[in-house]
Amino acid sequence: MFSTLFPAVSAFPNSTPDFLSTGKSGTCSAVPERAGGRAAFMLYDGPPTANGSPGIHHVLARIFKDVICRYRTMKGYQVLRKGGWDTHGLPVELGIEQDWASPASATSRSTGSKSSTRDAARASSATVQRVGGDDRPHRLLGGHGRPYVTLENDYIESGWWILKTLWDRGLLYQGMRGHAPLPAMRHQPQLPRAGPGLPGRHADPSVFVKFSSSPQVPAHPSPTHWTSAASPPSCWRGRRRPWTLPGNTALAVDRNRSIPSSELEENGPGNASLWPPRWWRTTSGRSTPSSGRCRGSELVGLAYTPLYPPASFGSRISRFESGVLSSSDGEQDFAPRWLPPTSFPWKTAPGIVHIAPAFGDEDLGLGREKGLNFVQPWTCRASSPATTPSLGKFVKDADPEIMAISRSAACCIIATSTTTPTPFCWRCDTPLLYYAKSSWYIRTSALKDDLVDGQNSRINCLHALSTLLKGEPSYKNVICLGLILDERGRKMSKRVGNVVEPLPLLDEHGADALRWYLFTASQPGEARRFSSRLVNQTLRQVLLTLWNIYSFFTGYATIDKFDPSQKPAGWKPENELDRWVLSELNELVAEVDRCMENYDPTMQGRRIQEFVDRLSNCVHLADYPVADDSLVDDDLMEATRLAMRISSMGRAARSKSGLKVRQPLASAAIRTRTPSERAFVAQVRPQILDELNIKDIELLDDDSALVQQAQEQAGGEPETVVSVGHYTASLEAGYLVAMNGEITPELAEEGMARELVHRIQGLRRGANFEVTDHIQTWYEAPEELSQATYIVPELPEVESVRRSLLRSGLAGRTITSAEIGWAKTVKHPSADEFAASLAGRTVEDVGRRAKYLLFPLAGQPEATFVAHLGMTGNLVVQPGEQEQHPMTRHVFALDDGRELRFVDGRKFGKLWLADDLGKILPPLGPEPLGDEFTTEWLADSLAKRNAPVKALLLDQSIAAGIGNIYADEALFLSGIRPDRPASELSADEMVRLRQGIIDCLNAGFAVYDRARDLRWPEPPEPMGTWSHPRDAGTPCPNCGGEITSTRIRARGTWFCQGCQV
């Protein structure tokens, strides 16, 4: 039950405190207990890092976890989740460095590990206490009240238990791998944290070195000297860098490559070098003659003289034996040689590549495979010993000394400089140098067939550990989230200064707008741009629309005391719009269910843009709705969606032509994309007429003149609006909707009446009136506007026409011919077919259903002539020789020389020839003066309805034909207030109400019968004929009290507060 009106003005940020107060009451904490004993659903909640303030990326992860958990809770699962805090890793170290106000390199030299660990624990604990795991500012469920923290002993002990278990199973081993450690910190940063060098940022020398064959090796038919370079400029493996040359222990050669040789001046006369002439021209700018070619297989096994004796750099020589590194016998055992790798990955090299296993990871792998020597002249801090020629410098700074040694030994042929995309540390811009390090590793390859690839290192680690420890996966579903970028598409970073903090956004836009934008902006794994402007756009386009819809509903639901819980069992609506809404809703429920079962919150969010989670916690704890397939009507949904498209196109045409929606138009011409859609247009015809405020719809064929001219005007544009005569046509995706812009005087009058109502409503809003406020309105207007506000005739006037036609003897007369003067009045079939079908048919009777006049016709096929008088219509039988009224639109000649004439000043009347009245007439209840309209029927129709009784009397499915004036009169005669809930009426009041309806209608019939003239009927003047005046403030004729006015369901209502209770 709705007890209060919904606020007319939204305040989304202010709704979050309401949620917080609900959360503090303990309701959120009761979510797991609510599903006690049911199937469990567990979430591995990846912990945020405990450094600094929460970022928008934390909100992104939290809301995706939250929506999945909410859905599972609504589906009846017991959702188990436990949040945590990650207090290890680079983000925490970075926070400490900022506290110390010292760069990373200085920190590592001046601070001990104990101090660093102690400060990390202190900083992390402060963050955990400050943020406290409180999800409520993000409108999320609980689960973080007792988080785990990775620096606490119970968590650390679980890590040691895992390592001990893996050790016992032989899955923990010590090995060596090639990494790119940060020299200052001696640790390996995660690859995503290492960025490529920017152009011009790191200039590296590119050194071309001559490798001479060893004199101990027998002569070979190939040349005795070969020249090779490190990698060509496009090779990224870092072989151009001089600091790697002291670690050289082999040359890899492609045995299948034919390598050209050149005679170089640097080698002396007669000595050829394996060097492509084109490379020589590129590097030195000189030409050199070619001396032949040599296949790589001819070089395999040859030894060459080491460039740098390891002793000169104080380096220990080791060797790989069976893949394990062991000590060597010294420099006498150091004999680098040519070798063929199993595969030659360096496709851009000239067939020869220098190998240094102490550095690159591929080189290290080749050293294990071939049993190569291992020489590592640099320390893990990337510096050389002080006893070496480079004097303990950082290796990049030692490049000149290394090249000088090469030149003095006649090994360096040429050196150039090139800018390369060197990986660098994102924190201090220090280059990351590849270095082989020894560490402990888990042997995941032992169970590689049971593992799957993971996009995220943490979730992949969970899966690997679970498989190794228990032989089963740790999770069944995983959602990987993309990065959040700023509005310009750059990654958010505190270092760059483009991080957006969530709490100010919540204060500005509210939680729902932030959550909904993050859900629907892009698929979870894709990057999404983010800014306050984009969140505000979601607020305006989605949430404010929903707010207005719900505000409108609750306003009238409160006034009508609507109680949705009182819906009768098995109730199904008869109104097409109601059936369409329920059909769409149930299809939505099923589709959202499918999306959420597939862990796709983004698609379900996009599908329900108009349904947003801003309900209170009691709704959060509701069960997930179950779709009722019996309420899904595919044809009706397709027809209604077509109506929406046509209405949208029609409004676009109105806008282009400057015609307000309040101005009624005579017709719209529609061309559908497929023939089957023509039937859909007929099905939703009333809705289209109402949405576009038009009187008629004309369906066009593809070859019609209007379609051809519109397409010619469009000039091939798929979506545009063009003008064709007095039509304005909107074209879109094969559809055409053309609005007839010709305004007749009658249409102009109706438009003025609508404009008057619009102005009055604007004054109401400007005066800050509530919907329930009763107002009195006075206006002064010229005669044409006063005439335009004339009200549509009520049922007694239509009944008086029927009685007049019966008295004229129309029943039994044969229509000999029909003359249609205004073809658009005829709704079915066409005007010509309508006229031809009536000729020769006899009128059997004159009947009425609600405000429709029915003339059943004799003969076959069975048919009924149906007429609706509209606003000013009238049907009269007059002698054929009598002068016609100027507003006579149609003439039907009768076999006795008289004529049935349809007079209609504003041409709003409608005519049909129907073989099935169900296709023409809306769902109607019994006639108020018929035998079926009993007290029992009225009581059954009203007993379970909480809407105001006045509103229900206007419902044509309860009683056909009761209009606004007669509903007021019937309630006055029965002594019942019009705003009382119908379910409160007693049995005696039901009797009085039925009799009041009958009495007031009979009185009205008598009035109109006395007033009716067979000439043009003037607008009736009912004032003074009713039991009570329809004028607020006037005295009641019964008790002398004051007549009060109000609005019920947007209809003016008058009643006496003294007589009506």
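Quick note on the UniProt record's numbering: the sequence shown kicks off at 1 and runs consecutively.
Heads up, the beta-carbon is just placed ideally off N, CA and C, and yes, glycines get one too.
- Separation of the CB atoms of Glu-984 and Val-891 is rounded to 53 Å, and the pair is thereby denied contact status at 8 Å.
- Membership of Thr-777 in any beta strand (DSSP E) is not indicated, and neither H nor E is assigned to it by DSSP.
- A distance below 9 Å separates the beta carbons of His-354 and Ala-252.
- Ranked by Cα distance from Asn-1002, the first of Asp-119, Val-949, Tyr-966 and Pro-981 is Tyr-966.
- Taking a contact as a CB-CB distance under 8 Å, the pair Arg-662 and Arg-754 counts as one, their CB atoms being some 4 Å apart.
- In the structure shown, Phe-680 adopts helical secondary structure according to DSSP, grouped into three states.
- Judged by pairs of C-beta atoms under 8 Å, the segment 521-530 touches the segment 479-491, as three or more such pairs exist.
- With 16 or more other Cβ atoms from the protein chains shown falling within 10 Å of its own Cβ, Cys-1000 counts as buried.
- Under the Cβ criterion (8 Å, minimum of three pairs), the segment 641-653 counts as touching the segment 682-689.
- With a 10 Å radius around the Cβ and a threshold of 16 neighbouring Cβ atoms, Asn-373 comes out buried.
- Segment contact: the segment 738-748 against the segment 676-683, fewer than three CB-CB distances shorter than 8 Å; contact not assigned.
- The Cβ neighbour count for Lys-65, taken over all protein chains shown within 10 Å, is at least 16; the residue is labelled buried.
- Residue state for Leu-172 is assigned as strand, using DSSP reduced to three classes.
- Per DSSP, Val-1061 lies in no alpha helix (DSSP H) and is assigned neither H nor E.
- Under DSSP, Gln-687 shares a beta bridge with no residue.
- For Glu-321, there is no enclosing alpha helix (DSSP H); the enclosing beta strand (DSSP E) has its first and last residue at 317-321.
- Secondary structure of Trp-440 (DSSP, three-state): strand.
- Here Trp-571 carries a coil assignment [DSSP, helix/strand/coil].
- Taking a C-beta distance under 9 Å as the contact criterion, Val-59 and Leu-534 do not qualify as a contact pair.
- Classified as buried, Asp-904 has 16 or more neighbouring CB atoms from the shown chains inside 10 Å of its CB.
- Per DSSP, Gly-847 lies in no alpha helix (DSSP H); the unbroken beta strand (DSSP E) holding it starts and ends at 847-849.
- From the listed residues Ser-326, His-828, Asn-946 and Thr-1034, the smallest Cα separation to Pro-568 is found for Asn-946.
- Trp-378 is classed as buried because its beta carbon has at least 16 other beta carbons within 10 Å across all chains shown.
- The beta carbon of Trp-912 sits closer than 6 Å to those of Lys-827, His-828, Val-866 and Ile-920, all from its chain and outside the five residues before and after it, given in chain order.
- Around the beta carbon of Phe-769, fewer than 16 other beta carbons sit within 10 angstroms, so the residue counts as exposed.
- In terms of Cβ geometry, Lys-851 and Gly-925 do not form a close pair [threshold 9 Å].
- The bridge partners DSSP lists for Asp-904 are Gly-873.
- When DSSP reads this structure, Glu-698 sits in a beta bridge with Ala-669.
- With respect to the 9 Å criterion, Asn-693 and Leu-736 are not classified as neighbours on the basis of their beta carbons.
- In the three-state scheme derived from DSSP, where H, G and I count as helix and E and B as strand, Met-887 is classed as coil.
- From the listed residues Leu-582, Asp-600, Ser-655 and Leu-432, the smallest Cα separation to Thr-640 is found for Leu-582.
- Checking the DSSP bridge columns, you'll see Val-801 has no partner listed.
- By the Cβ neighbour-count rule, Asp-635 is exposed, with fewer than 16 other Cβ atoms within 10 Å of its own.
- Between Ile-998 and Leu-952, the C-beta spacing is not below 9 Å.
- A buried status is given to Gln-1060, since no fewer than 16 other beta-carbon atoms sit within 10 Å of its beta-carbon.
- Shown here for Arg-671: same chain residues with a beta carbon closer than 6 Å to its own, the five before and five after excluded, namely Leu-700, Val-707 and Leu-736 in chain order.
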